[in-house]
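So the structure is just underneath, and the comments pick up after that.
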Amino acid sequence: MMKKITFTLLISILFFTNCKDDKDCCVFPENITTTINFTHNWNGKEITNQELNELKFTTENGEKISIERLRYLISNLSLVGSNNQFLIDFGENSGSSISVTDISPGTYNLKFTFGLQDKDNKDGEYQLLNSVNFNVPAMLGGGYHYMQFDGKFLNNNDEETGFNFHAIRAVDRTNPNDLKFEDTSFEVDLGSIKIVKNTTIEIKMNVAEWFKNPNTWNLNELNTVLMPNFEAQKMISANGKSVFTLGKIN
Amino acid sequence: MKNFFVYFFSFLLLMNCTSKEKDFYTPVAYNLEIPTLFSDKLIAPIIPVDKPLTIEGVALGKKLFFDKILSKDNTQSCATCHNPAKAFTDNKQFSKGVSGNFGKRNTMPLFNLAWNFDELFTWNGKEFGLETQALEPVTNPIEMHADWVNIAEKLNQNETYRNLFSQAFDSEKIDSTLVTKAIAQFERTLISGNSKFDKYLQGEATLTENETNGFNVFMDEERGDCFHCHGSNNNPLWTDNKFHNNGLDEDFTDLGLGKITGDPNDNGKFKSPSIRNLAFTAPYMHDGRFTTLDEVINHYSEGLKRSSTIDPLMKKINQGGVNLTAKDKADLKAFLLTLTDNEFVNNPAFQK
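Pasting the structure below:
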């Protein structure tokens, strides 16, 4: 009888010790998945890539425009860490959903750089961006586009005319042998977000803002060959700062 | 004792299985030699994991590529229209098929196909994947006009092919899937990356003043602005492999990509070809309408035609285009010809 009691006691001790160990040593902080979705709208009305090539949007300056190609680069997305780049292609509906799988619950500051900061904007450095032809010519300082936004607008003569609203690091080519640069990438800070479970975060791009604030963009005057236009690049950068806002968090 | 016999016969049986396995031929992995510029600048080429390159597969693909057995009447091979000496084109506006019919598109050159990251092939992007693309010309009535069942029968009756397919794919039955797998393997080895300009980028050659200015015209958004579609010193493919309407026509007799997607917004769009090896690939454009490079440059300079789907990257349409000076045109042509890869067209590995 004593033998049986001792055996039962021993098994019980082992069982409970085992449970205790589980609690103390084997419960890790839960890693959660956060998905960041970039969505696009025109002054609040959501748009999709099914609406390409139609002269259906009106800029602040009153020009009717179409979107034919819209792809842009963000980098240093805070939830992912540093030294990361993501190319979002609205037209091809690719890259707009970014999944972060290894973050712990907590409060995070959600921010990213639109384009590439000068320190990261190294010519020919990124294989993926080279492969999709996102480079900037060496005569403009090299590196990469921040955005290629192409479409058509109805000009003052009611003719459909192309525009190439391309954002790069601003370069002053007054003296081609002594280029002057201004870093026109900018930080988008969307504030603090508490993430305690699998979460989907929407970042909204209001495409209309590129033509709106603070510079009312006149496409009749500034439509193509904007890459070497120092002042135009600074204006694009200024307008870009109100383009992104935080959307729904689920 | 009884157990001893059971173990003994089991051992013999297993030995028998092992020796049978030894009869199977294992193809040897093919080492694709990727130019340094490509490995430095580009993401990895597309080689499907279930379709690895092997020495036997590539050799078989090459043999098939040059064999007229793939046509209805044994008069044409892939190489009839895709001549390696012409960067795998045939210098004809339209190619004549086995039945004497002509197509309506210019033969595309074949090189650097493994770096077509979207894997959409042909002028209108009709075919997804190299293997799928290779299926089509064999049966197309205006090309080889054959029947895959008959082709497979002819190949299965050929002992040499039976052995080669057995070695490459461990299969005793030859069919269209294996034929196109082999051809696609060969096609993935067709790499062109050793032109004068490639050597210049690696510090092994010097450009003339005219060639340098031509490159600058190509890269200058205010002049040629060719780089947005045709690559750059950082993209040695010299194409974006995308589809554009480059202002050839006001009305479309050939819808191009639009015929495939059914989207009117894609009408008149065709794939940007690589500008490598232009010295070998005349005539130019999807319908081979331009005989010379001068005509091509003149088109972009002052020959653009407005249409609803013209690409916004085509500038100054009202003036017909970017209006290059005579010198810039000549220099642009000189630069384009620095992308001529003589080593590629003479590479013994790509000849019959």
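These protein sequence lines are chains A and B, in that order.
Under the working numbering, the first residue of the first sequence is numbered -13, with each subsequent residue one higher.
Under the working numbering, the first residue of the second sequence is numbered 16, with each subsequent residue one higher.
For glycine and all other residues, C-beta sits at the position ideal for the given N, C-alpha and C.
Shorter than 9 Å from the beta carbon of residue i to some beta carbon of chain B?
i: Asp8(A); result: At Asp8(A), the pLDDT of 42 sits below 50, so the modelled position is not reliable; the number obtained from the coordinates is stated separately. So, not an interface residue.
i: Gly110(A); result: yes
i: Ser117(A); result: yes
i: Glu49(A); result: no
i: Asn241(A); result: Summary: the structure shown does not reach residue 241(A), with chain A confined to residues -13 through 236, and so no result is reported for it.
i: Arg57(A); result: no
i: Met191(A); result: no
i: Ala218(A); result: no
i: Met125(A); result: yes
i: Leu114(A); result: yes
Is the shortest distance between the beta-carbon of residue i and the beta-carbons of chain A less than 9 Å?
i: Ser247(B); result: yes
i: Asp235(B); result: yes
i: His97(B); result: no
i: Phe26(B); result: Only weak support is given to the placement of Phe26(B): the predicted model assigns it a pLDDT of 48, under 50, and the value that follows is read from those uncertain coordinates. For Phe26(B), the answer is no, since every Cβ of chain A falls outside 9 Å of its Cβ.
i: Asp264(B); result: no
i: Asp356(B); result: no
i: Asp240(B); result: yes
i: Asp185(B); result: no
i: Phe132(B); result: yes
i: Cys93(B); result: no
i: Asp255(B); result: yes
i: Glu36(B); result: Confidence is the limiting factor: at Glu36(B) the pLDDT is only 47, short of 50, which leaves the residue's position unreliable, though a coordinate-based value still follows. Closer than 9 Å: no.
i: Lys286(B); result: no
i: Phe330(B); result: Checking the sequence, you will find Lys at residue 330(B) rather than Phe. So yes, Lys330(B) belongs to the interface.
i: Asn178(B); result: no
i: Asn89(B); result: no
i: Asn261(B); result: no
i: Asn127(B); result: no
i: Asn231(B); result: yes
i: Asn173(B); result: no
Quick one: what's got a C-beta closer than 6 Å to residue i's C-beta in the same chain, skipping five residues either side?
i: Lys234(A); result: Glu188
i: Ile(-9)(A); result: Any answer about Ile(-9)(A) is weak, because its pLDDT of 48 lies below 50 and its placement is not dependable; what the coordinates show is given next. Closer than 6 Å at Cβ, skipping near neighbours: no residue.
i: Lys141(B); result: Ile275
i: Ile157(B); result: Gly112, Asn116 and Gly118
i: Thr296(B); result: Ala102, Thr104 and Pro124
i: Asp10(A); result: Confidence in Asp10(A) is poor, its pLDDT being 44 and thus under 50, which makes the residue's placement unreliable; the coordinate value appears in the next sentence. Around Asp10(A): no qualifying Cβ.
i: Phe135(A); result: Leu56 and Phe151
i: Thr204(B); result: Val73
i: Asp88(B); result: Val113
With a threshold of 9 Å between beta carbons, is residue i in contact with chain D?
i: Val211(A); result: No chain D appears in this structure, whose protein chains are A and B.
Tell me which residues share the same chain as residue i and place their Cβ nearer than 8 Å to its Cβ, disregarding the 5 neighbours each side in the sequence.
i: Gly335(B); result: Ser316, Glu317, Gly318 and Leu319
i: Asn17(A); result: Thr87, Asp88, Ile89 and Ser90
List the whole-angstrom C-beta distance separating residue i from residue j, where the pair is believed to meet the contact cut-off of C-beta under 8 Å.
i: Gly72(B); j: Ala149(B); result: Going by Cβ atoms, the distance from Gly72(B) to Ala149(B) rounds to 13 Å, so no, they are not a contact pair.
i: Asn261(B); j: Asp185(B); result: About 46 Å; that fails the 8 Å criterion.
i: Ser223(A); j: Thr185(A); result: About 30 Å; that fails the 8 Å criterion.
i: Asp264(B); j: Leu272(B); result: Not a contact, Cβ separation roughly 14 Å.
i: Leu102(A); j: Leu59(A); result: 7 Å
i: Leu165(A); j: Val174(A); result: Their Cβ separation, rounded to whole angstroms, is 27 Å, which puts Leu165(A) and Val174(A) out of contact at 8 Å.
i: Asn150(A); j: Asn47(A); result: In fact, because the Cβ distance is near 17 Å, the residues do not count as touching under 8 Å.
i: Ile206(B); j: Phe132(B); result: Not confirmed; about 15 Å, so no contact.
With which residues is residue i paired in a DSSP beta bridge?
i: Asn98(B); result: Thr104(B)
i: Asp136(A); result: Arg55(A) and Asn150(A)
i: Val86(A); result: Thr20(A)
i: Asp185(B); result: BP columns for Asp185(B) are empty, so no partner.
i: Phe285(B); result: His259(B)
i: Asn27(A); result: Glu32(A) and Asn192(A)
i: Glu174(B); result: Per DSSP, none; premise fails for Glu174(B).
i: Phe167(A); result: Val157(A)
i: Glu368(B); result: In this structure chain B extends from 16 to 367, so residue 368(B) is not present and cannot be described.
i: Asp213(B); result: For Asp213(B), which the question treats as bridged, DSSP gives no partner whatsoever.
Here's a check: name, in chain order, each residue in its chain whose Cβ is nearer than 7 Å to the Cβ of residue i, leaving out the five neighbours to either side.
i: Thr306(B); result: Ala297 and Pro298
Discussion item. Please list, in chain order, the residues of the stretch 132 to 160 of chain A that have any C-beta partner in chain B closer than 7 Å.
Written reply: Asp136, Gly137, Lys138, Gly148, Phe149 and Asn150
Item to complete: Using a Cβ-Cβ cut-off of less than 7 Å, give me the residues of the stretch 54 to 77 of chain B that come near chain A, in sequence order.
Response: So the list reads Lys56, Leu57 and Ile58, given in the order they occur along the chain.
Worksheet item: Between the stretch 293 to 327 of chain B and chain A, which residues of the former have a C-beta closer than 9 Å to a C-beta of the latter?
Response: Arg321, Ser323, Thr324, Ile325, Asp326 and Pro327
Worksheet item: Between the stretch 71 to 84 of chain A and chain B, which residues of the former have CB atoms less than 8 Å from a CB of the latter, in chain order?
Response: Result list empty, no residue passes.
Worksheet item: Looking at chain A, which residues of the stretch 270 to 283 of chain B have a Cβ within less than 8 Å of any of its Cβ atoms?
Response: Asn280
Worksheet entry | Proximal residues, the stretch 30 to 54 of chain A versus chain B, C-beta separation under 8 Å | Leu38, Asn39 and Glu54
Discussion item. Against chain A, which members of the stretch 153 to 171 of chain B pass a CB distance test of less than 7 Å?
Written reply: Within the stretch 153 to 171 of chain B, no residue has a Cβ that lies closer than 7 Å to any Cβ of chain A.
Fill in: Residues of the stretch 89 to 109 of chain A with Cβ closer than 8 Å to any Cβ of chain B, in chain order
Asp109
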